[in-house]
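Take a look at the structure below.
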Amino acid sequence: MFDPHSIPADPTAVNVLAGRGFEYRQIDPADEAGLQAWVQAETRGFHHARPEAPEMRRALQVARQRNVRGVYDLSAHDAHLPVATIDGWPSGLSVPGGRSVDAWAVSGVTVSPTHRRRGIARALLEAQLRYAKEAGAALAMLTATEATIYGRFGFSPAASAATVHVDRRRAHWIGPESPGRVQFVEPADLIGKAPAIARRAVARTPGEIDRWPGMLERHLGLVDPSTRESRAVRVARYDDVAGQTQGFVAFRVVRQPDEPGAVECDLFVAASDDAERALWRFLVEQDFVTEIRVRLRSVDEPLPWLLEDPRAVSLHEVGDHLWLRIIDPVAALSAREYGASGTLTLEVGDPLRHAAGTFVLDVAGDGRAEVRPAEETTDAAAGQFRSGRRSRPQAAHGLRLDARELASIYLGGTRASVLARAGRITELAPGSLALADRLFHAPRTPHLSIWF
Ligand SMILES: CC(C)(COP(=O)(O)OP(=O)(O)OC[C@H]1O[C@@H](n2cnc3c(N)ncnc32)[C@H](O)[C@@H]1OP(=O)(O)O)[C@@H](O)C(=O)NCCC(=O)NCCS
């Protein structure tokens with residue numbers, strides 16, 4: 001496993017930031033005070049309250065597993081607090097076909113309002129892309145607070161999510177019975193087996209990323225079990241007929257005194273279709289509640305098809321969620337399985353150079369691809385193709401697109417033909433878009449169910 005602490009500081013970032021009077025530092029996992037200051041700065045950067053001791057302990061545990069970096073203004077009043085934060089770590093990303101591709105997750109991106117718009121985030125993000133490359137990642141990935149920040153660095157939306165609302169009074173179940181059983185469990189009794197179930201759920205859904213140690217504890221209310229919020233967490237698990245746990249949900253019922261409540265669920269993990277159906281049924285058939293709200297669900301849930309009245313279900317906060325940045329097109333494209341066979345040339349532009357080039361995607365009947373760079377040379381710096389001999393024969397299928405568009409079609413969440421209609425992909429021979437749509441189609445709509 002690649003050690004995220006082994007990456008030396010990016011010299012460009014060091015120099016750019018030093019030129020503006022700042023120090024760019026990696027924080028040693030053993031430097032307790034340094035990490036605490038980093039967590040305080042990151043928490044403030046996201047406009048959250050100062051963490052209490054248990055939450056700080058959890059944040060430190062997570063930070064120690066990552067490459068944590070800060071930018072320091074030594075002339076500031078609180079010079080030990082970074083004015084900017086970022087962290088990154090290697091993580092698997094599930095792709096169509098059930099495999100996981102090596103990716104580099106980026107998180108904790110904040111710049112203090114006192115130091116914004118001086119190019120600090122740009123220096124940090126561009127360095128992260130180089131770290132991703134150094135770590136051997138095929139892609140970099142993140143979730144974004146605002147959709148306007150990351151496109152300039154080559155990131156683009158690749159998997160979406162929505163909050164599913166269900167009107168309890170209209171939720172009459174007509175779906176099949178799941179053969180196993182659902183039962184309540186105390187969060188502490190589930191935590192031992194929860195990571196393995198989550199791993200299997202992640203593997204079957206393109207767009208999901210590996211969970212990190214400590215993540216499930218937080219959702220299960222185990223970080224500080226004494227708080228009112230933690231004590232409100234209820235957990236139910238689904239066991240199959242063999243007694244194996246195949247899924248679980250963690251939820252709260254929020255309600256005013258003497259009024260029916262609403263179910264709020266932030267953690268819905270299903271490693272089988274039976275588990276998914278049984279847990280949905282459990283959530284939507286609760287009495288003395290009017291509404292069920294489940295966050296970060298797929299935009300393509302089977303739930304409406306399981307209820308007599310599909311209009312009991314509505315989607316809210318529908319939008320982009322996982323953002324990808326292609327770093328190594330050959331590794332990324334080779335990792336996934338494809339929806340059809342055929343050969344497609346991709347002429348990829350990338351102003352930041354990482355993904356630029358021409359690549360031939362050759363998919364066999366079993367959906368596996370052989371991917372190779374074409375002989376074509378590119379002027380990667382400008383993200384433009386030089387005129388000259390093309391390795392792509394006149395009639396062969398091909399697309400011209402940027403790394404951003406490649407990121408958006410990669411998991412099958414957006415069709416190439418839609419991006420072509422938006423003027424963002426050029427079809428190089430008739431029929432190429434239709435072929436690309438068939439190739440990149442994924443049987444399961446990509447979906448990411450966590451923030452990171
Ligand atoms: C987003 C944030 C990190 C940007 O930091 P910054 O140091 O001000 O960004 P930079 O000065 O390096 O800006 C780089 C480019 O991004 C643009 N940009 C930065 N933040 C932006 C935003 N929120 N919306 C739109 N554009 C933004 C800048 O205009 C600049 O564009 P240009 O290079 O084309 O001129 C900072 O505003 C912040 O901490 N926000 C609150 C926390 C947050 O939302 N973090 C993102 C987590 S996903």
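Going by full-length UniProt numbering, the sequence shown opens with residue 1, and the numbers climb by one from there.
Cβ atoms here follow ideal geometry from the backbone N, Cα and C, with glycine treated the same way.
Identify, in the order they occur along the chain, each residue of the same chain with its Cβ nearer than 6 angstroms to the Cβ of Gln61, setting aside the five sequence neighbours on each side. Against the sequence shown, residue 61 aligns to sequence position 61. Within the same chain, Gln61 has close Cβ partners Gly214.
By DSSP, does Ala275 sit in helix, in strand, or in coil? Taking the first residue of the sequence shown as 1, we reach residue 275 at position 275. It is helical.
Between the Cα of Val241 and the Cα atoms of Val330, Ala144 and Ser178, which residue gives the shortest distance? As a working note, residue 241 is residue 241 in the sequence shown. For the residues Val330, Ala144 and Ser178, the minimum Cα distance to Val241 belongs to Ser178.
Give the straight-line distance between the Cα atoms of Asp224 and Arg50, rounded to the nearest whole angstrom. Looking up residue 224 in the sequence shown gives position 224. Looking up residue 50 in the sequence shown gives position 50. Roughly 15 angstroms separates the two Cα atoms.
Hey, is Ala84 close to ligand 1, as in C-beta under 8 angstroms from one of its heavy atoms? Working through the sequence shown from its first residue, we reach residue 84 at position 84. Ala84 Cβ: within cutoff of ligand 1.
Neighbouring residues (CB closer than 6 angstroms to any heavy atom of ligand 1): Gly45, Phe46, Val109, Thr110, Val111, Arg116, Arg117, Arg118, Gly119, Ile120, Ala121, Arg122, Ala144, Thr145, Glu146, Thr148, Ile149 and Arg152
Residue range of the alpha helix (DSSP H) that Thr12 falls in? Sequence index remark: in the sequence shown, residue 12 carries index 12 (1-based). Per DSSP, Thr12 belongs to the alpha helix (DSSP H) from Pro11 to Gly19.
Which residues in the same chain have their Cβ closer than 7 angstroms to the Cβ of Val95, if we skip the five residues on either side of it in sequence? Position 95 of the sequence shown, counting from 1, holds the residue named residue 95. The answer, listed in chain order, is Val101, Pro206, Ala335, Arg336 and Leu411.
Assuming Leu346 contacts Leu433 (C-beta within less than 8 angstroms), just tell me the rounded distance between them. One-based indexing of the sequence shown puts residue 346 at position 346. One-based indexing of the sequence shown puts residue 433 at position 433. With a Cβ gap of about 12 angstroms, Leu346 and Leu433 do not count as contacting.
With a floor of 4 residues, list each alpha helix (DSSP H) that falls wholly inside the region 249 to 324, ordered by position along the chain. Within the region 249 to 324, the complete alpha helix (DSSP H) runs of at least 4 residues are 273 to 284.
Under 6 angstroms Cβ to Cβ from Arg130, same chain only, skipping five residues before and after it: list those, please. Start at 1 with the first residue of the sequence shown, and residue 130 comes out as number 130. Hits under 6 angstroms: Asp10.
Give a yes or no on whether the minimum CB-CB distance between Phe251 and chain B is below 9 angstroms. In the structure shown, chain B cannot be found, because there is only a single protein chain.
Can you tell me whether Arg421 is buried or exposed, with buried defined as 16 or more other CB within 10 angstroms of its CB? Here the question's residue 421 lines up with position 421 in the sequence shown. When all chains shown are included, Arg421 counts as exposed.
Return the bridge partner residues of Thr114 from the DSSP annotation. Taking the sequence shown and counting its residues from 1, one reaches residue 114 at position 114. Beta-bridge pairing links Thr114 to no other residue.
CA-to-CA distance, Ala135 to Leu333, given in whole angstroms: As a first step, residue 333 must be located in the sequence shown, where it is residue number 333. As a first step, residue 135 must be located in the sequence shown, where it is residue number 135. Computed Cα separation, rounded: 18 angstroms.
Give the straight-line distance between the Cα atoms of Tyr238 and Val182, rounded to the nearest whole angstrom. Sequence index remark: in the sequence shown, residue 238 carries index 238 (1-based). Sequence index remark: in the sequence shown, residue 182 carries index 182 (1-based). Take the alpha-carbon of Tyr238 and the one of Val182: they are about 4 angstroms apart.
Where Phe155 falls, given that 16 or more other Cβ within 10 Å makes a residue buried: On the sequence shown, residue 155 is found 155 positions in, with the first residue counted as 1. Buried is the call here.
Report the three-state DSSP secondary structure of Trp38 (helix, strand or coil). Counting from one through the sequence shown, the residue named residue 38 turns up at place 38. In the structure shown, Trp38 sits in a helix (DSSP, three-state: H, G or I).
Using the C-alpha atoms, what's the distance from Val371 back to Leu222? Locating residue 222 in the sequence shown gives position 222, where the first residue counts as 1. Locating residue 371 in the sequence shown gives position 371, where the first residue counts as 1. Rounded to the nearest angstrom, the two C-alpha atoms are 45 angstroms apart.
Touch check for the region 10 to 27 and the region 139 to 152: three-plus C-beta pairs under 8 angstroms? Three or more Cβ pairs closer than 8 angstroms define a contact, and the region 10 to 27 falls short of that threshold against the region 139 to 152.
Gly21 classed as buried or exposed, judged by whether at least 16 other C-beta atoms fall within 10 angstroms: Working through the sequence shown from its first residue, we reach residue 21 at position 21. Here Gly21 is exposed. Its C-beta has fewer than 16 other C-beta atoms within 10 Å.
Which residues share a DSSP beta bridge with Ser160? Your numbering for residue 160 matches position 160 in the sequence shown. DSSP output for Ser160 lists Asp320 and His447 as bridge partner(s).
First and last residue of the uninterrupted alpha helix (DSSP H) at Pro195: As a working note, residue 195 is residue 195 in the sequence shown. Ala194 to Ala203 is the extent of the alpha helix (DSSP H) around Pro195.
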